[in-house]
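Participant: Residue numbers (this note's numbering): 44 to 290. Every residue gets a Cβ at the ideal spot worked out from N, C-alpha and C, and that includes glycine. In this text, all values refer to a predicted model and were calculated from it rather than measured experimentally. Have a look at this one.
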Ligand SMILES: Nc1ncnc2c1ncn2[C@@H]1O[C@H](COP(=O)(O)OP(=O)(O)O)[C@@H](O)[C@H]1O
Ligand SMILES: [Mg+2]
């Protein structure tokens, strides 16, 4: 198998006259913790939307685990092992934490549409959901409704839901956005604790989080890759901390 979990080749996307992805070549090494940074409006979320299939590129190719997925829809890409969280949270707010995670797992197993019994009667799915929640110390919140949780914990649930799809590649779009910096540590811990079987691309403005989580950094500006480098390199840190607008 290739060293790369994800390869993006010559990706272009226009919104009318605005070129929001300009000839992006990008690789995600298997097992990487890779950060994508850049000012607001740089095209980071659009890039994720192109990878997941939420948007179609004008041209270019996307290869997931050696398979060309450019022609596949979002659901198919998800079945191929691609999962993402959203910058704006999209949980079922009136359902419990557990129900949200159970639904994600059931979706992966293709049984969501045949669930006539109460969700709680599917014990294997429930067990798996509780295990995942336990890994993030969310088990005590399992029976609470999403809208009863503090925002920081809601954002953690989003990550758990994405993991419920058993992804090989996880795309995190500003997982700590909207969270007080005192709580963003929890998100950081969650991202750091993910299994090394999962390759992670994280969009993040908080450079402390970037440097504590990421081993590699790509800087996107105006839809193009400005530069890339190894996060541990002091010179890289100085350049990124000094020059990149935190938006
Ligand atoms: N659906 C859309 N139609 C037109 N323009 C869009 C659309 N989505 C995003 N844009 C524009 O594309 C640019 C990149 O947006 P985005 O990917 O959200 O940036 P980032 O996530 O880096 O802040 C912005 O100028 C934004 O206004
Ligand atoms: Mg964005």
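Say yes only if the C-beta of residue 63 is nearer than 7 Å to one or more non-hydrogen atoms of ligand 1, and no if none qualify.
Facilitator: True, at least one ligand heavy atom lies under 7 Å from that Cβ.
Participant: Here's a check: name, in chain order, each residue in its chain whose Cβ is nearer than 6 Å to the Cβ of residue 185, leaving out the five neighbours to either side.
Facilitator: Correct list, in chain order: 140, 141 and 176.
Participant: For residue 129, which residues from the same chain have a beta carbon less than 8 Å from its beta carbon, with the 5 sequence-adjacent residues on both sides left out?
Facilitator: Same-chain partners within the cutoff: 201 and 216.
Participant: Tell me the residue span of the beta strand (DSSP E) that contains residue 246.
Facilitator: It spans 242-246 - the beta strand (DSSP E) in which residue 246 sits, taken as one unbroken run.
Participant: At the level of alpha carbons, what is the spacing between residue 60 and residue 126?
Facilitator: Distance between the alpha carbons of residue 60 and residue 126: 30 Å.
Participant: Does residue 256 have its Cβ less than 8 Å from a Cβ in chain B?
Facilitator: Absent from the structure: chain B. Only one protein chain is present.
Participant: For the candidate residues 271, 276 and 78, whose alpha-carbon lies nearest to that of residue 257?
Facilitator: Comparing Cα positions, the closest option is 78.
Participant: Rank 210, 268, 246 and 146 by C-alpha distance to the C-alpha of residue 166 and give the top, closest one.
Facilitator: When each option's Cα is compared against that of residue 166, the closest is 146.
Participant: Looking only at its own chain, which residues have a Cβ that is under 6 Å from the Cβ of residue 92, when we skip the five neighbours before and after it?
Facilitator: 98, listed in sequence order.
Participant: Under 7 Å: does the beta carbon of residue 58 sit that close to some heavy atom of ligand 1?
Facilitator: Within the cutoff, so yes.
Participant: Rounded to a whole number of angstroms, what is the C-alpha to C-alpha distance between residue 290 and residue 221?
Facilitator: Bear in mind that a pLDDT of 44 at residue 290, under 50, signals an unreliable position, so the number given afterwards is only what the model happens to contain. Taking the straight line from one Cα to the other gives about 14 Å.
Participant: Please state the DSSP three-state secondary structure of residue 276.
Facilitator: Residue 276 falls in the coil class under three-state DSSP.
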